[in-house]
Structures are given as structure tokens and as C-alpha cells.
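Visitor:
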Ligand code: HEM
Ligand SMILES: *[C@@H]1O[C@H](CO)[C@@H](O)[C@H](O)[C@H]1NC(C)=O
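So, in C-alpha cells, the structure goes:
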């Protein structure tokens, strides 16, 4: 005890402080490189973590962009981060330098899920053999999904009918479409992974969706950022399992469902779904220690596809409904094109798209305007690289501001308006746009591009055949209400005020040809109505430019 007297304590504290500062400087030496992107001065140990406003991060970032330009740097504790804004910088990094920038930052917070090097799933997998194997496998499995008893197209069409029937069942009462869209899209993904759909009141489906929402909530915010940046905190007993309880529960449930489906596998038959196909690969790879086809990864890949596919598609469809309500003129033209090309009796098919330039343009504009993954998903440089003349060393986290591309004022005619003409030429033909990157760009783009396009038919295709969503009130979006949440916001949600109701439960029932609805579900209504419950949310902070308005 004699050691820690007043005399020795002072010098000891100074020595410890100097040591920590040196360690800190070591971690930050990259900042001294001449061509490293500029950024705010970090505080020892925590970097810029405390300067961030975790309630309103957008405000802080806009300030930084104004001060330092399109490419700037940050330090989240000891994690160096470079933020890229605008088409030029994002394209250069993700497309031209895709080999250098396709890695993901390591996520110590997910270690508790048991993510070994061979079982990282898809979404967070490091750029390497395991990722490449799983990427190739899932793309080819999803693409070939004539494998099962039904094509993806048939699954989607059937699900769309169930969805419309559920909308009709609301019989005029106001309702938020989010939960039903989640269920419908969840079912489409489930058809790929489990080869089945669930009734909308099936406790399994409800649990999967509930845990997904909880996990997303737990996954944003200060604590997550702090734990990931300062992983020693994870050693605080019980913290990780408490903070990420929903994720754990989701994995456990997914595992149970996988085991159930494996029991009914008939090895003499071709694979029925992704799980069967994966299990075949596990068999083939037996004895090979360096394979990503293993039990844990089966669960990770299945969960990744479910969460990534369900959440993004469902939010996009919610935006689509909202924007159709807010823009009755656009809705009318889409409806007209659907009537002309598909007709009210026929079911839509993928091939119809080529004759529907306006509808396709609207779909693109919904995705551009909805801008649902505003900051993309973090990448990491796997070797030293250069972007816009700046030097970005190996191991730097890259935040690609997709929002700044989708709403780049240098590129789009009306970046902050919903304007389908962005994707149409003077003759009304569909035109592609280089700055259209809601799925990001380069090596990590999801399922390019079949699965998202297919899922789309849920809405503008099948969903709107013979139906429309007339507006009941002056359409105006609550200003500033839609907005990303969390520290590094992952998702851009439409305002909660969106309320739909089916206007015509009493309309003559109409069953499309060749369509078999599951027992107990009601036939399709001729018409669904919708209204926007504007004014029911209180905007937290006005965001004047971003709020979509009717022109
Ligand atoms: C509907 C609209 C969708 C949007 C806007 C969207 C957006 C994105 C974005 C921005 C990324 C990050 C890409 C990057 O890191 O650069 C991503 C990754 C991913 N998405 Fe999607 N996505 C959509 C639909 C889907 C669907 C339907 C599925 C699956 C069935 C899916 C599965 C995935 C997967 C597995 C990844 C991780 C890919 C990787 O890291 O290699 N997504 N998505
Ligand atoms: C992303 O871009 C938007 C629009 O340009 C901007 O308001 C926001 O501050 C940017 N975010 C970051 C992190 O740079």
C-alpha cells in the first residue's frame, strides 16, 4: 500500500497519461499524411465521438460537409472514418476502386453471435473467399429459383393477391400499411429460403417480424457506436447480450426453423429452397475446414437475406404507396399504363415491364426519392487507395453518402421533388441514370438486380392492377417528419402518418384468372382506397428542403 502515497501518485498519473496519449497518437498517425482528407480535430481516446449529436446527426454532418468539402474524415474513438459525398466521389470509390473498397469494417459487437471467419453470413462478411462463396451461392440460388415447385414470379403474384385481400379486409378503417407490407415481403423472402409462405396471423411470422424490428432498434444509437468503437466495453458482463438480445433471439428462431425444414428433406428430390441447396453444399464440402458452407453460416445467410430483403423492400413499398397518394396525377398515369399493357383481368408478368416505361420510371423515382439507405452500409479499404486525389489508407471505414448521390444537385433536375421525368426522355422512353444508386454501387450491390426488381411487382405491378389509391384529404406530407434515425442512420423511413384504408369492402369481388388464394382469404376487391392521415405526427425538427410536397 505504501506505493500509492501522495508522493508517487502524481508522477504515476502523469506517466499513465503520457503513455495513453502516445498510444492515442500512434492510432492517429495516418492523419499526418499529406493527402489524408481533412476533418474536425479529434479528442484523445474518443476521437470525434462526443462531438456527434446522436439525436440529430444529420445536422453535424452537413456542417462538416460545408466546412471540409465532399470528402472528409472523422475519428470514432480509434476508428478512422472517411465520408464520401456526391456522385463523383462515391462512384470513384465504389466503382472505379471497387477492388480496394469492397471490405466491411470488423464488427466486434457481433462477435457474440459467434461470427467465425467462415460464418459471417453476407451482409457483414469481410471481403474474401467466404464472402465470395456465399455471394455466388445466394445469387445463383435465387436466380435459378425455378428449382422449387414455383417460380419466384408465381410466389410474388400469389403474395400480392393475399396482400390486397388483407387491405380489403380493413373494410374502410384507417390502417398503417407497414405491418402488412412486412408480412407480404417477409413471405416472398421466406418462399426463397423456406419454400413456404405464412398466414398473416401465424405466430412464427409475427415473431420473426417483431424481432427484426427490435433488432434494428437495438442496432442504432450511441451505445452501439460506442461499443463497436471501444470493444473493451463488451467485456462488461451481460452488456452485449442485453444490448443485442433481439438479434440473439432472431438467430435462435431462425435456427429452429432451419432444423425443422431439414427434417423433411428428401435427398432423392431436387432442392426445394435455399436451405436444401445450402445443406447439399455442406455435404459436398465435408472434410474441408476452409469452407463457408457450415451450419452456423447457413443460419447467418438465411437471417441476412430475410432481414436485408424484407426491411428494404417493405420500406420502399411504403414510400411507393405514400408517393402515389401524394401524386394522384402520377398514380393515374401508372394506372392507365397498367390498364393498357396488362389489363384489369390479366396478372402482370416481369416481361410486361419493357412496354411500361412510365411505370418503370416511377419505380425508379420512388427509389431515388425514398432514398431508404441514406448513408449506405459502411465499407472499408482493404489496401491503400485514392479518391478524388485524397489518400485513404488501408483499414479506413468508408461511409458512402448515397443520399448525396440520389439528391445530388449537380446531377438531377429537381433533386428534392418527386419527378418521374428524371427517368424519361422527351419521347417518353425510359432512360437509365448513372446517379441512380439506391442499392449502392460496385461489388456489394445486393442481388444485382433480379431479386429487388422481382419483389417490386408486389406494388406497382400486381398490387395496382385494377386498383387505385385515391387521396381523401389534401395531400401534404408532414414537414420534416421523415428522417433517418440513429447515430449513423441506416434507414430512411416514410412518416408514420401514412394511413391507408380500403374504401370498398363491398365492391364486387373479382378473382383473377388462374389464381388460387389460400383457404380463408377473401377475394380481391375491385378497388382499394387510401388516405393520408396527415398531421398526426409531430415533426421533431423542420427540414425545409427535404420534405416532399405536391407541386
Ligand atoms: C428493395 C430495395 C433494396 C434496397 C434499396 C437495398 C439496398 C441495399 C444497400 C444500399 C446495400 C449495401 C450495399 C453496399 O454495401 O454497398 C444492400 C446490401 C444487401 N442487400 Fe439489399 N436492398 C434492397 C433489396 C434487397 C433484397 C430484396 C435482398 C434479398 C433478397 C437484399 C439483400 C441484400 C444483401 C444480402 C446485402 C449485403 C450484400 C453484401 O454485403 O455483399 N436486398 N442492400
Ligand atoms: C449526406 O448528404 C446529404 C445531402 O447532400 C447531407 O445533407 C448530409 O449531411 C450528408 N451526410 C453526411 C454524413 O455527410
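Numbering (full-length UniProt numbering), first residue to last: 1 to 551.
Beta carbons: idealized from backbone N, C-alpha and C, even for Gly.
(1) Kindly list the residues whose CB is nearer than 7 Å to the CB of residue 92, restricted to its own chain and excluding five residues on each side of it in sequence; keep chain order.
(2) What residues in its chain sit with their C-beta under 6 Å from that of residue 231, if we drop five residues either side in the sequence?
(3) CB-CB under 7 Å to residue 98, same chain, minus the five flanking residues each way: which ones, in chain order?
(4) How is residue 7 classed by DSSP in three states: helix, strand or coil?
(5) When the Cα atoms are used, what is the spatial distance from residue 445 to residue 61?
(6) Helix or strand or just coil, what does DSSP make of residue 103?
(7) Checking 8 Å against the spacing of the C-beta atoms, do residue 440 and residue 370 come in under that value?
(8) Can you give me the Cβ contacts of residue 562 inside the same chain, cut-off strictly under 6 Å, excluding the 5 residues immediately before and after it?
(9) If you reduce the DSSP assignment to three classes, tell me which class residue 241 lands in.
(10) Residues in its own chain within less than 6 Å of residue 75 by CB, not counting five upstream and five downstream?
(11) If you drop the 5 nearest sequence neighbours on each side, which residues of the same chain put their C-beta closer than 8 Å to that of residue 277?
(12) Whole angstroms is fine: what's the gap from residue 67's alpha carbon to residue 382's?
(13) The alpha helix (DSSP H) that contains residue 301, what's its start and end?
(14) Can you tell me which residues fall inside 7 Å of ligand 2, judged by beta-carbon distance to its nearest heavy atom, and keep chain order?
(15) What do you get for residue 520, buried or exposed, if any count of 16 or more other CB atoms within 10 angstroms of its CB means buried?
(16) Is it true that the stretch 243-262 meets the stretch 209-220, where meeting means three or more beta-carbon pairs spaced less than 8 Å apart?
(17) Go through its chain and collect everything with a Cβ distance to residue 187's Cβ below 7 Å, but skip five positions before and after it.
(18) Let's test the definition: count the other Cβ atoms within 10 Å of the Cβ of residue 241 and tell me whether it reaches 16, buried, or not, exposed.
(19) Using 7 Å as the cut-off, classify the Cβ of residue 191 as near or not near the heavy atoms of ligand 1, replying yes or no.
(20) Within the continuous alpha helix (DSSP H) that includes residue 416, where are the two ends?
(21) Which residue from 128, 51, 87, 10 puts its Cα closest to that of residue 380?
(22) Going along the chain, which residues of its own chain have a beta-carbon closer than 8 Å to the beta-carbon of residue 428, five neighbours each way excluded?
(23) By the 10 Å Cβ neighbour count, where 16 or more other Cβ atoms means buried, how is residue 405 classified, buried or exposed?
(24) Which ranges does the alpha helix (DSSP H) cover as unbroken runs of at least 4 residues, wholly within the stretch 344-375, from first to last along the chain?
(25) For the stretch 297-307 against the stretch 112-126, do three or more pairs of beta-carbon atoms, one drawn from each stretch, fall closer than 8 Å, so that the two count as touching?
(26) Check whether the Cβ of residue 312 sits closer than 7 Å to any heavy atom of ligand 4, and report yes or no.
(27) Which whole-angstrom value describes the C-beta separation of residue 314 and residue 401, a residue pair presumed to lie in contact below a C-beta threshold of 8 Å?
(28) With residue 191 as the anchor, note down where its alpha helix (DSSP H) starts and where it stops.
(29) Nearest by alpha-carbon distance to residue 398: which of 20, 82, 78 is it?
(30) Can we count residue 309 as close to ligand 1, meaning its CB is less than 7 Å from some heavy atom?
Guide: Answer, in terms of the structure:
(1) Position 92 of the chain shown, counting from 1, holds the residue named residue 92. Same-chain partners within the cutoff: 387, 388.
(2) Locating residue 231 in the chain shown gives position 231, where the first residue counts as 1. Contacts found: 108.
(3) As a position in the chain shown, residue 98 is number 98, starting the count at 1. Taken in chain order, the residues that qualify are 442, 443.
(4) Translated into positions along the chain shown, residue 7 becomes position 7. Helix.
(5) For the purposes of this step, residue 445 is identified with residue 445 of the chain shown, where counting begins at 1. For the purposes of this step, residue 61 is identified with residue 61 of the chain shown, where counting begins at 1. Those two C-alpha atoms are separated by around 25 Å.
(6) For the purposes of this step, residue 103 is taken as the residue at position 103 of the chain shown. Looking at residue 103 - three-state DSSP - the assignment turns out to be strand.
(7) As a first step, residue 440 is located in the chain shown; it is residue number 440 there, counting from the start. As a first step, residue 370 is located in the chain shown; it is residue number 370 there, counting from the start. Contact: no.
(8) Within the shown structure, residues of the chain are numbered from 1 to 551, placing residue 562 beyond reach of any answer.
(9) Mapped onto the chain shown, residue 241 falls at position 241. The answer is helix: DSSP assigns residue 241 an H, G or I state.
(10) Working through the chain shown from its first residue, we reach residue 75 at position 75. If we look at residue 75 and ignore the five residues flanking it on each side, its Cβ neighbours are 42, 47, 48.
(11) Along the chain shown, read from residue 1 onward, the residue named residue 277 stands at position 277. Excluding sequence neighbours, residue 277 sits near 137, 141, 147, 271.
(12) Taking the first residue of the chain shown as 1, we reach residue 67 at position 67. Taking the first residue of the chain shown as 1, we reach residue 382 at position 382. Their Cα atoms are separated by approximately 28 Å.
(13) Here the question's residue 301 lines up with position 301 in the chain shown. Note, residue 301: alpha helix (DSSP H), 295-326.
(14) 58, 61, 62, 64, 65, 83, 85, 374, 375, 399, 401, 403, 404, 407
(15) Taking the first residue of the chain shown as 1, we reach residue 520 at position 520. Confidence is the limiting factor: at residue 520 the pLDDT is only 29, short of 50, which leaves the residue's position unreliable, though a coordinate-based value still follows. Residue 520 is exposed by the Cβ-count criterion.
(16) yes
(17) Along the chain shown, read from residue 1 onward, the residue named residue 187 stands at position 187. So the list reads 159, 197, 198, once near-sequence residues are dropped.
(18) In the chain shown, counting from the first residue as 1, residue 241 sits at position 241. So residue 241 counts as exposed.
(19) As a position in the chain shown, residue 191 is number 191, starting the count at 1. Every heavy atom of ligand 1 is 7 Å or more from the Cβ of residue 191, so no.
(20) Position 416 of the chain shown, counting from 1, holds the residue named residue 416. It is not in any alpha helix (DSSP H) - residue 416 carries neither H nor E in the DSSP assignment.
(21) Start at 1 with the first residue of the chain shown, and residue 380 comes out as number 380. For the residues 128, 51, 87, 10, the minimum Cα distance to residue 380 belongs to 128.
(22) Numbered from 1 along the chain shown, position 428 holds the residue referred to as residue 428. Hits under 8 Å: 357, 358.
(23) On the chain shown, residue 405 is found 405 positions in, with the first residue counted as 1. Buried, by the Cβ-count rule.
(24) 357-370
(25) yes
(26) Of the ligands this structure carries, namely ligand 1 and ligand 2, none is ligand 4.
(27) Within the chain shown, residue 314 is the residue found at index 314, counting from 1. Within the chain shown, residue 401 is the residue found at index 401, counting from 1. Not confirmed; about 23 Å, so no contact.
(28) Along the chain shown, read from residue 1 onward, the residue named residue 191 stands at position 191. 178-193 is the extent of the alpha helix (DSSP H) around residue 191.
(29) Here residue 398 refers to the residue found at position 398 when the chain shown is read from its first residue. It is 82 whose Cα lies nearest to the Cα of residue 398.
(30) Position 309 of the chain shown holds residue 309. Yes, the beta carbon of residue 309 sits closer than 7 Å to at least one heavy atom of ligand 1.
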